[in-house]
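This report refers to the structure that appears directly beneath it.
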Amino acid sequence: MEDYITEQIQPTFKIKGNIRLASYFPSVNMRRTAQKSSSDSVACLAMFGTLELQPEVNEVVDSMMERLKILSRKSDGRFVAVDLRVEMLEKKGCHGSNGARTKGCYNAQEIAIFLRKIGFDKDTTIYVTQSRWDNGLDVLKDIFPKTYTKESIIPAEKKSKFLESEDSEFEKVIDFYICSQSDVFVPAISGLFYANVAGKRIASGKTQTLVPAEIAGSSAPVTDYFSPYVSKKNHMAYSCFC
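Okay, structure coming up:
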């Protein structure tokens, strides 16, 4: 990979002064294919082992992470990150397929019930990717009072730049890194964000990624809901991270 950068990328960078990285994803999942390619490990490292945050963004993420850990004192600083965005749920049809117990997305009430049934108690700290509070999240907060959005934990002096600008890319970056570093990650919405976060978590050894489902009984073991990306080791991140 270093040779490729030296031979192909560095000369262009020296001439033009900047380069643009463009990614092509033919699918919303990142499962490893049965047919291995010599470029798999290079692609894996490029996606999950190379990019770093700019210092200012990293400072904001670290501050928010520290805030979440302080709020999670009763659970030894551990917290759950849930990718749950009300506006996305309104756009997607959250319906099951072929009688399966899982579906493409789950609302706040369904996530709250799922977490409670697999053993999380009311003192659990939850970070949701919704930027600002929405009434649709009230039912989650009723069951888990320590539920927070970016708006409630980001440093006040950083709100105007990172939350109130027209560019929402900062918000996406914050969500990605907090979800990647949380003790537990729950994707209420299936898709590319979930696949990317799962890959980053695999790269850092964080295997607690739980896929929601409708649980018929009053409880269920948490191990039944580990992401197939982890339980089956079929994510492309395993091409370079074992």
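Read in the numbering used here, the sequence shown has 178 at position 197, and its numbers run on one by one without any break. Glycine is no exception: its CB is placed at the ideal position from the N, C-alpha and C atoms. Because the structure is a prediction, the values reported are computed rather than measured.
| Check | Outcome |
| --- | --- |
| Look at the Cβ atom of Thr110, then the Cβ atom of Arg66, and state whether they are nearer than 8 Å. | yes |
| Tell me the residue span of the alpha helix (DSSP H) that contains Val211. | 209 to 212 |
| What does a CB cutoff of less than 7 Å around Phe112 pick up in its chain, not counting 5 residues either side in sequence? | Looking at the sequence provided, one finds Ser at residue 112 rather than Phe. Cβ within range, chain order: Thr130, Lys131, Glu132, Leu144, Glu152. |
| Can you round the beta-carbon distance between Ser199 and Pro136 to whole angstroms, since I take them to be within the 8 Å contact cut? | That pair is no contact at about 41 Å. |
| Please state the DSSP three-state secondary structure of Tyr(-15). | helix |
| Counting C-beta neighbours from all protein chains within 10 Å, is the total for Ser220 16 or more, i.e. buried, or is it exposed? | buried |
| Rank Gly117, Ile124, Lys84, Asp115 by C-alpha distance to the C-alpha of Lys98 and give the top, closest one. | Ile124 |
| Is Ile107 near Val61, with beta carbons less than 8 Å apart? | yes |
| Which of the three DSSP states, helix, strand or coil, is assigned to Lys84? | strand |
| For Ala197, count neighbouring C-beta atoms within 10 Å of its own C-beta (all shown protein chains included) and say buried if the count is 16 or more, exposed if not. | exposed |
| To the nearest angstrom, how far is it from the Cα of Pro209 to the Cα of Thr190? | 9 Å |
| Does Thr204 come out as helix, strand or coil in the three-state DSSP assignment? | helix |
| Run through DSSP, which three-state label would Leu65 get? | coil |
| When you compare each of Glu91, Ser146, Asp102, Ile159 to Val120 by their alpha carbons, which one comes out closest? | Glu91 |
| Tell me, to the nearest whole angstrom, how far the beta carbon of Val41 is from that of Ile155; I am working on the premise that it is less than 8 Å. | 7 Å |
| In whole angstroms, give me the CA-to-CA distance for Lys72 and Gly186. | 33 Å |
| What residue range is occupied by the uninterrupted beta strand (DSSP E) comprising Pro(-8)? | Run containing Pro(-8): none in the beta strand (DSSP E); it sits in the alpha helix (DSSP H), -9 to -3. |
| Check this for me: beta carbons of Ile224 and Val165, under 8 Å apart or not? | Beyond the ends of the chain as shown, which are -18 and 223, falls residue 224; an answer cannot be given. |
| Could you tell me the alpha carbon to alpha carbon distance between Phe101 and Glu68, rounded to whole angstroms? | 26 Å |
| Could you give the first and the last residue of the continuous alpha helix (DSSP H) run that contains Val165? | Taken as a continuous stretch (DSSP letters only), Val165 belongs to no alpha helix (DSSP H), being part of the beta strand (DSSP E) at 165 to 168. |
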